[in-house]
Amino acid sequence: MSQTRPDLPRLFDVLDATWPAAAKVDTGPWTLREGRGGGKRVSAATARDAWRLDDVTAADSAMRMMGQDPLFMIRPDLTPSDTTLDVTLAAQGYARADPTQIWLAPIDHLTDRSLPRVSAFAIWEPLAIMRELWEDGDIGAARQRVMNRAAPPKTGLFGRVSDKAAGVGFCAIHDDIAMVHALHILEQHRGKALGGWMMRCAALWAASKGARWIACAATEQNTAASALYRSLQMEVAGRYHYRILDSESDTQ
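As numbered in UniProt numbering, residues 1 to 252 make up the sequence shown, in order.
Below, the structure written as structure tokens:
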């Protein structure tokens, strides 16, 4: 098992690859993303190179031409220029939104236990009931199309409690890192340890495909998710947030 912890550029590459935009365009100092309703993560512009204030205005215009609200992802630990961009966008009226943590652990931290019988399954293509569960968590058709775009290996995660459908998620692998997305547990089944078993299901599946690390992203305000990932010996390996002109745009 490799002991070299993935660095931030690698983690952000995995985030992009396992939850991909409908289209990406590198123009000037920016990478622009076309989200097609898939949420902030697949719609945000990121800085690739040194930029000037005129470049910010150009990116703003380009995103509007794509039919999207101007939106930037800020990765303050990745590059000092993102910290400067954060300050510049704030001065121009861009609101800060969705501060998010990337959690990471070696895969073997989550493969040390067998799954309880009929508790969690790795399934692809998703079953109809899985799509219904995602809908319950506001993970609608546009976000489900993001999963379809992701390259294999990938799988859906299906969780059950007392023989009832209770949870759903998605996991894809890139560069030996498994990233879990769209994890949702029905409200009436929260607090029953299902989230942990579904993460372990993802890890067992990913380990069988050669993954060495498991990761996920969750907003800082999602304290239940943070408690879950911490209980699984995962650690915060990176952070990002958004700057957006229209703070009422669709959520992450």
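Ideal placement from N, C-alpha and C gives every residue a C-beta, glycine not left out.
Query: DSSP state of R10 mapped onto helix, strand, coil; Result: helix
Query: Test item: CB-CB of M66 and A44 under 8 Å; Result: no
Query: Residue closest to A165, alpha-carbon to alpha-carbon, out of G195, V236, M234; Result: G195
Query: Entirely enclosed alpha helix (DSSP H) segments - the UniProt domain "N-acetyltransferase" (113 to 252), minimum 4 residues; Result: 128 to 136, 141 to 149, 194 to 208, 223 to 231
Query: C-alpha distance - A151 paired with H174, whole-angstrom precision; Result: 9 Å
Query: Residue from M63, P116, P126, A17 with nearest C-alpha to W30; Result: M63
Query: At least 3 beta-carbon pairs within less than 8 Å: the region 121 to 132 vs the region 153 to 161; Result: yes
Query: Continuous beta strand (DSSP E) stretch holding M73: start and end; Result: 71 to 74
Query: A178, buried or exposed, once every other Cβ within 10 Å from all chains shown has been counted against 16; Result: buried
Query: 8 Å Cβ cutoff met for G28 and D55; Result: yes
Query: Short CB-CB distance (under 8 Å) between E135 and chain C; Result: Although the question refers to chain C, the structure presented lacks it and comprises just one protein chain.
Query: Nearest-angstrom Cα separation, counted from A47 out to P9; Result: 13 Å
Query: Reduced DSSP secondary structure (H/G/I, E/B, other) of P20; Result: coil
Query: Buried versus exposed, by CB contacts within 10 Å (16 or more), R117; Result: exposed
Query: Supposed close pair W205, V168 - CB separation, criterion 8 Å; Result: No, W205 and V168 are not in contact; Cβ-Cβ is about 14 Å, not under 8 Å.
Query: Inter-stretch contact (C-beta, 8 Å, three-pair minimum) for the region 33 to 40 and the region 15 to 23; Result: yes
Query: Residue range of the beta strand (DSSP E) that includes P99; Result: 95 to 106
Query: Inter-stretch contact at 8 Å, needing at least 3 Cβ pairs: the region 185 to 192 / the region 88 to 103; Result: no
Query: Local conformation of A45 per DSSP, three classes; Result: strand
Query: Selected residue, minimal CA-CA separation from A120, among I214, A227, A193, R5; Result: A193
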